[in-house]
Each structure stands twice: as C-alpha cells, then as structure tokens.
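Protein chains in written order, with the working numbering: chain C, 1 to 116; chain G, 117 to 232.
We put the CB at the ideal spot given by N, CA and C, even for glycine.
These numbers come from a predicted model, not from an experiment.
Below is one structure, written out as structure tokens, with a few remarks after it.
Protein chains: 2
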Amino acid sequence: MKELHHPAIENVALEHMFQALSDPVRTEIVNRLATMTEATCTMLNAGRPKSSMSHHYRVLRDSGLIRTRIKGTMHINTLRRAELDLRFPGLLDAVLGAIGVNAGKEAEDEAKGGGA
Amino acid sequence: MKELHHPAIENVALEHMFQALSDPVRTEIVNRLATMTEATCTMLNAGRPKSSMSHHYRVLRDSGLIRTRIKGTMHINTLRRAELDLRFPGLLDAVLGAIGVNAGKEAEDEAKGGGA
DNA sequence: CCTAACGTTCGCTTGTATTCGAACAATAGA
DNA sequence: TCTATTGTTCGAATACAAGCGAACGTTAGG
Chain C
1 MKELHHPAIE NVALEHMFQA LSDPVRTEIV NRLATMTEAT CTMLNAGRPK SSMSHHYRVL
61 RDSGLIRTRI KGTMHINTLR RAELDLRFPG LLDAVLGAIG VNAGKEAEDE AKGGGA
Chain G
117 MKELHHPAIE NVALEHMFQA LSDPVRTEIV NRLATMTEAT CTMLNAGRPK SSMSHHYRVL
177 RDSGLIRTRI KGTMHINTLR RAELDLRFPG LLDAVLGAIG VNAGKEAEDE AKGGGA
C-alpha cells in the first residue's frame, strides 16, 4: 500500500492554504467535497486529464486542506474539517461560505453571458 | 492627483483574494492594517526595497483587499473591511483571526529555533 | 499470469510571480 | 524654481505553478 503524504495539522501553513485556494479548479474540488463529504478522484475530474487533476490533489493535500485515503485502486478524498477548525477556528467555514457565494456569482455571470 | 485603481466590490474574485493572501509579506501587511486601521507605505516597508513593496500593495489593491488613498506625497492604506464583509460575510474576520494564529505560531517556532 | 482500472510520477513547455535597481511623477517646503 | 520625499512604473532576471502526454505502480478480476 503506497501511503500518500499529509502534513501534521500543526505544520499546516496559512499561506499554503491560501495558495491552494487561489486556483478555481481547486476551489471547485473543495466546494464539492464540502457537500459530498467524500469523493474519489474520478468523481471530481471534470473531463480534465488525470495528470493535471492529480497535481491539484497533491497541492490540496500538501496544503493540509484534504486527506486522501486509499481503498482498492481508488483514492478517496475528504476535507480535513475538524482538524482545520482546531488549527484555524472558523476559517474553513467562512471559506466554504465564500466559495459558495462566489460559485453563485459565477453562475449569475454566466447567465448574463459574461462567462461564455 | 494620480488616482490608483481599485476594483468594485462586486468584481472582487475570491481566487484573487486568496492569491493575494498566499504571500507572507502580504499577510503581514494585512495583519498590520488590521490593528493600525491605516498606514502609509513606508510604515509597512520592513526594510525591503520600495519597488518590491509597491508590487505587493498593487496585488493587494487589485485583489480588493486594501484601498489606497493619496494624501500629499504619501499613500495611506486601509483594509476594505465593510465592503468585503458584505461581499463575503465573515470571511475577512476569519482570515484575520487565522493570520493572527499563524503569526503567533511563527513567533513560537522562532523561539524554538525553527525559524532561524 | 494477464489485463483493465485508478492515480501518481516524470519530463517538458508555457505562463505567471517575485525581486530589485533605475527612471519617473507628484507633492511639499525652502 | 530647486530639492527632498513618497511611491509608482519599467525592464530584466530568476523562480515558481499549470497543463498535459507518456510511463509507471498498485489493486481487482478473469
């Protein structure tokens, strides 16, 4: 079993978290994980090549935002909610809320023809 | 009077904000502004060359996090707290709290010799 | 053992950020 | 007007991140 690396919660750096969240592909992953609680990589690959997505999972893992556990041939991803809430109280909830707001706005923009 | 550009609050994108916050120099600026309410650029330049710092102010401005108003020869920076709280309720407070936690941790690490 | 499925890792290209000196613009004061 | 001060802008070097095909490793099933 090939273990993947996850930083200890005390070593999670705020800057790395923000960096991880600065890419729309990754905020979308985080957003989905927030509602689905867990998901395999293929469930989250939106038609994109897997090498690209694997890169994003790694960034999210290294930043401390998600945890990936291996079951059979597939990798199951979850948000590290409880741990993160201990480390940075209230932050993840606020971020998830904002991602939701942002996602809503993007949908609006698209409806107005701004996203096409 | 040379006006600087600030995005309208509706056009502030979450990803840009996170990107702006992904650099320790900038989180420090934000952290200081959170306690000082306002500060000129020289007050925030920690011995670094001003062209570098000016770049960071610009990133923070473009991301929507700070506002710079010009008074005489100096530029006075403030956080766009109220506006941001309307756009992403609770986010900025959580971020400021986290930056504080992070800053505290870094001070600890340094005391332990990890930061040298 | 052989093959298919799931993701990671490698190597490369392209694009974007950071850094900093030097030149510039705007204001204040002598 | 001349000079000092405050910050921005330009330009170039360097470093970092995204994207993707191809090769690889691991597990499941035949």
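C-alpha gap between residue i and residue j, whole angstroms
i: G115(C); j: P24(C); result: With a pLDDT of only 41 at G115(C), under the threshold of 50, the placement of this residue in the model should not be trusted; the figure read from the coordinates follows. If you take the alpha carbons of G115(C) and P24(C), they lie about 14 Å apart.
i: E144(G); j: T73(C); result: 43 Å
i: T156(G); j: I125(G); result: 22 Å
i: E154(G); j: T68(C); result: 42 Å
i: E106(C); j: L84(C); result: 27 Å
i: H75(C); j: A198(G); result: 41 Å
i: K50(C); j: G90(C); result: 32 Å
i: V101(C); j: N218(G); result: 26 Å
i: P7(C); j: Q19(C); result: 15 Å
i: N127(G); j: N31(C); result: 20 Å
i: T42(C); j: T158(G); result: 50 Å
Proximity to residue i [Cα-Cα], best of the options
i: G220(G); options: H6(C), A13(C), A8(C); result: A13(C)
i: A98(C); options: N218(G), L202(G), V217(G), T153(G); result: L202(G)
i: V95(C); options: P7(C), A46(C), M17(C); result: M17(C)
i: G180(G); options: K187(G), L195(G), T158(G), T153(G); result: L195(G)
i: T151(G); options: P205(G), V175(G), N193(G); result: N193(G)
i: F204(G); options: H191(G), K166(G), E131(G); result: E131(G)
i: R58(C); options: R26(C), T42(C), K71(C); result: R26(C)
i: K2(C); options: V101(C), N102(C), K71(C), G100(C); result: K71(C)
Whole-number beta carbon distance between residue j and residue i, since they are thought to touch under 8 Å
i: L33(C); j: I66(C); result: 7 Å
i: R61(C); j: L4(C); result: 6 Å
Notebook entry, point to check: Does the segment 158-166 of chain G touch the segment 54-68 of chain C, meaning 3 or more C-beta pairs lie closer than 8 Å?
Noted result: Segments in contact, no.
Check distances from the C-beta atoms of the segment 138-155 of chain G to those of chain C and list, in chain order, the residues that come in under 8 Å. Listed by position along the chain: S138, D139, P140, T143.
(message) Under 9 Å, CB to CB, which of the residues in the segment 73-95 of chain C have a partner in chain G?
(response) Answer in chain order: R87, F88, P89, G90, L91, L92, D93, A94, V95.
Using Cβ-Cβ distances below 9 Å, what residues of the segment 119-132 of chain G are close to chain C? For the segment 119-132 of chain G, which is checked against every Cβ of chain C, the residues closer than 9 Å are E126, A129, L130, E131, H132.
field: Contact list for the segment 46-65 of chain C against chain G, Cβ threshold 8 Å
entry: Of all residues in the segment 46-65 of chain C, none has a Cβ within less than 8 Å of some Cβ in chain G.
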